[in-house]
Every structure is written in C-alpha cells, then in structure tokens.
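Beneath this line is the structure, given in structure tokens, with notes to follow.
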C-alpha cells in the first residue's frame, strides 16, 4: 500500500503532488498512533520506501509536531523516526551487504515485531512510569525536594515512588539516585530490589541495575538490609552490593569516582561492557544493542562525559575493535 491508509488510491513514485504526500503523512501519523498491528507497520514501511519524498514529508511533519507542542505521544515520533532511518540506511545499494553481515540484526528486528513491537522496545518503562512519583528523562539529572524536606538527585532515566503518609519511605524503581536526608526521629527508608536502606539523617547513593543494588555512603551512617540476610552498617566512603544471591561485605570506594555522575561524568573500572552500555543508553535517545557471542561480558575501563554519550560509544568501539552502527536515532548496534 503506497498511498494514505484508509482506502486512498495507491500512487507510484513521483505520481503524487507535494500536497497529497503531506496529506498521506498526516494520515499515517494518526494511524501509527493507534496501536498499529504488524500489517499496518509493514504497510507504513512500504509507504516510506516507495518514494523518497514520503520519508522527507514524514520527518518534516514530526519536526513540526514537536516544535508546536502538539505531539502527545513522543514514543510514536521515535517509532517513526526509527523506521524512516532504517529504510534510508538499508537501501538498495546496501541490502546485499547488510544481509551478509546483519543476519543477527534482522533476527532482532523480527523478534521485536513479534514480541510487542518497536514501540515497546523503544519505551520499555512506560508502565513503570505510571507507578512513579518522580521520573527523570534520558540524559537528564533531576533534583527533587521530598515532602519531609529531604532532597533526591535522580540520575538519568531513573524513577522513584514515594510514601510519606505515616512514615518516610521511597522506592527506587529504576536507575540511581543520591539522597540527602533531613534529620528526623522517623526513619527514612529507601527500598530497592529485595532490600532497603534505613537512615535518620545522612547522604548516600542507591543504584539499581536489574536485580542488583549498590549503596554508597557519603555522610553519616546507614543500615542496609537484604531479604534473608543480617543488616550491614556502612561508614562514610563505603559501598555494599546486594541482590538475589545475598548481600556482600562493605568495601571502601573512591567517593569522587563513585559520585562523579552527579557532576556529569561516568567512570568505570573493569566492568562488563553490558553495564557501561546500559549507562550510556540512559543518556541518549533510542536503544543500544550488543550483538556477538561474549561481547556483553567483556571487561572494560574508562570514563566519559555524560553530556556526550556517543563519544563514549566511539571510544569503546575503538578500544575493543568492534564497530558501532546507527539506524537513525532510535537504534544503535555494537558488534560485528
């Protein structure tokens, strides 16, 4: 289907006026915003590919939609930009080469379509955000004042839920946050994963990475509990990790390095590539996927500015000797 959705006649490349193409783009905007099924997505991709003017009109329409503030579905715009970028890059001259080196990528895209679609891939946390009281966007470090006067600095792409009805309780839903807790006789509790941090008045960081949680103490004292394990008390400059396998022993850390994210830097030493990529992904639009056996587990060290995450990707690419390929702004692939 090369024309507008909804029964408009098909048109071959170059057979429609600019005004008609703009109307088709507007019709597709409405159609793609209504939970499109796989057949509709394939038709949309075919429309984009049928005429270079289609992708151009779509891009201009979405840019206008954003600038005028009329777009209520940012995920839709990301979805469309991803498809347009993909069609532009995997053109006729590159299809044979992409097929030879991109079988894994094709399988990934097919799996995304079958398992919930590109929209869900681009917006994995939208249901979680509905439960959150405070959310930071990708690339945003956001400070909030809590009802008791304590403050929280949310790292990029982080979310917390708060409950100050009959106590002082916060749950870290994802990401990381630095808490500066106002002293009070009522304990201040931050729950994350299967454990919690309890304080009266102090400053500390909590980071959630999948099912693993790390707590770093900057000032005061905290008690860290994990399900089925005795409490661990931290002193300033110490960190403890806990998760499904239990809670570890406190260890000394370099606070300047551990809290560098608060000042716009991320430093890492001998950690899996997957963890660094997850950190980079929180700083930029789109998703970053690692392809290749064992690549996600390779250990890396370094530092990069959180304001320039793509430079961090390029540095990793050069250090590890693996390419980085971009498909529009919505998908970046690391691997052969």
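Numbering (my numbering), first residue to last: 3 to 338. All C-beta atoms in this analysis are idealised placements derived from N, C-alpha and C, irrespective of residue type, glycine included. Just so we're clear, the structure is a prediction, and the values are computed from it rather than from any experiment.
Which partner residues of residue 274 appear in the DSSP bridge assignment? BP columns for residue 274 point to 301.
Touching or not, the stretch 163-182 and the stretch 294-306, by the rule of three or more beta carbon pairs under 8 Å? In short, these stretches do not touch, since the Cβ pair count stays below three.
Does the pairing of the stretch 222-237 with the stretch 187-205 give three or more beta-carbon distances under 8 Å? By the criterion of at least three beta-carbon pairs nearer than 8 Å, the stretch 222-237 is in contact with the stretch 187-205.
Any idea which residues DSSP pairs residue 307 with across the strands? 267, per the DSSP bridge assignment.
In chain order, which beta strand (DSSP E) runs of at least 3 residues are fully inside the stretch 189-247? Here the runs fully enclosed are 190-194, 197-201, 205-211, 214-221, 224-228, 234-236 and 240-245.
Hey, is the stretch 150-167 in contact with the stretch 176-190, meaning 3+ C-beta pairs nearer than 8 Å? The answer is yes - the stretch 176-190 touches the stretch 150-167, with three or more Cβ pairs under 8 Å.
Could you tell me if residue 232 is buried or exposed, where buried requires 16 or more neighbouring beta carbons within 10 angstroms of its beta carbon? Counting the other CB atoms within 10 Å of its CB gives residue 232 a total below 16, which places it among the exposed residues.
Can you name the start and end residues of the alpha helix (DSSP H) that residue 260 belongs to? In this chain, the alpha helix (DSSP H) harbouring residue 260 covers 257-260.
Tell me which same chain residues have a C-beta within less than 6 Å of the C-beta of residue 20, skipping the five on either side of it? Excluding the 5 residues flanking it on each side, residue 20 has no same chain C-beta neighbour closer than 6 Å.
Start-to-end residues for the beta strand (DSSP E) that takes in residue 182: Note, residue 182: beta strand (DSSP E), 170-182.
Out of curiosity, what's the CA-to-CA distance linking residue 251 and residue 134? Each residue's Cα considered, the two are about 31 Å apart.
Where does residue 284 fall in DSSP's three states? Three-state DSSP puts residue 284 in coil, outside helix and strand.
Reference residue 288, options 249, 332 and 158, closest by Cα: The shortest Cα separation from residue 288 among 249, 332 and 158 belongs to 332.
Counted within 10 angstroms of its Cβ, other Cβ atoms place residue 237 as buried (16 or more) or exposed: In the assembly as shown, residue 237 is an exposed residue. Its beta-carbon has fewer than 16 other beta-carbons within 10 Å.
Within a Cβ cutoff of 7 Å, which residues of the same chain sit near residue 131, ignoring the five residues on either side of it in sequence? Same-chain partners within the cutoff: 137 and 161.
Give the straight-line distance between the Cα atoms of residue 326 and residue 185, rounded to the nearest whole angstrom. Roughly 48 Å between the two C-alpha positions.
Spatial distance of residue 98 from residue 28 (CA atoms): With a pLDDT of only 45 at residue 98, under 50, the local geometry of the prediction cannot be trusted, and the value read off the model is given with reservation. Their backbone Cα atoms lie some 33 Å apart in a straight line.
For residue 319 and residue 158, I'd like the C-alpha separation in whole angstroms. Taking the CA atoms as reference points, residue 319 sits about 23 Å from residue 158.
Could you check the C-alpha separation between residue 334 and residue 25 for me, to the nearest Å? Residue 25 has its alpha-carbon roughly 31 Å from the corresponding atom of residue 334.
With burial defined as no fewer than 16 other Cβ atoms inside 10 Å of the residue's Cβ, what is the status of residue 243: buried or exposed? Classification of residue 243: buried, given that the 10 Å Cβ count is 16 or more.
Rank 167, 228 and 156 by C-alpha distance to the C-alpha of residue 206 and give the top, closest one. The alpha carbon of residue 206 has as its nearest neighbour, out of 167, 228 and 156, the alpha carbon of 156.
Hey, residue 262 and residue 268 are a contact pair by Cβ (cut 8 Å); roughly how many whole angstroms apart? That belief holds up - the Cβ atoms of residue 262 and residue 268 are roughly 7 Å apart, short of 8 Å.
Reduced DSSP category for residue 324 - H, G, I as helix; E, B as strand; rest coil: Correct three-state label for residue 324: coil.
So the beta strand (DSSP E) residue 154 belongs to, where does it begin and stop? According to the DSSP assignment, residue 154 belongs to the beta strand (DSSP E) that extends over 153-156.
Under the three-state reduction of DSSP, which class applies to residue 329: helix, strand or coil? Residue state, collapsed to three classes: strand.
Report the rounded CA-to-CA distance for residue 53 versus residue 290, giving the unit in angstroms. Inter-residue distance for residue 53 and residue 290 is about 29 Å (C-alpha atoms, whole angstroms).
8 Å contact criterion, which residue 273 and residue 301 should meet: CB distance rounded: Indeed, because the Cβ distance is near 7 Å, the residues count as touching under 8 Å.
Roughly how many angstroms lie between the CA atoms of residue 167 and residue 177, to the nearest whole one? Computed Cα separation, rounded: 24 Å.
In angstroms with no decimal places, state the Cα-to-Cα distance between residue 87 and residue 330. With a pLDDT of only 47 at residue 87, under the threshold of 50, the placement of this residue in the model should not be trusted; the figure read from the coordinates follows. Between the alpha carbons of residue 87 and residue 330 lies a distance of about 4 Å.
Might you give, ordered along the chain, the residues of its own chain that have their beta carbon closer than 7 Å to the beta carbon of residue 271, omitting 5 neighbours on each side? In its chain, beyond the 5 residues on either side, 303 have a beta carbon closer than 7 Å to the beta carbon of residue 271.
Residue 279 - partner residues in DSSP beta bridges: Note: residue 279 is not bridge-paired with any residue in the DSSP secondary-structure output.
Which one or two residues does DSSP pair with residue 249 in a beta bridge? Paired residues: 244.
My output table needs one value for residue 134: the three-state DSSP class, helix, strand or coil. If DSSP states are grouped into helix, strand and coil, residue 134 belongs with coil.
Residue 317 to residue 230, Cα distance in whole Å? Roughly 41 Å between the two C-alpha positions.
Assuming residue 241 and residue 204 form a contact by the criterion Cβ under 8 Å, report the distance between their Cβ atoms to the nearest whole angstrom. Contact between residue 241 and residue 204 fails: their C-beta atoms lie close to 14 Å from each other, not under 8 Å.
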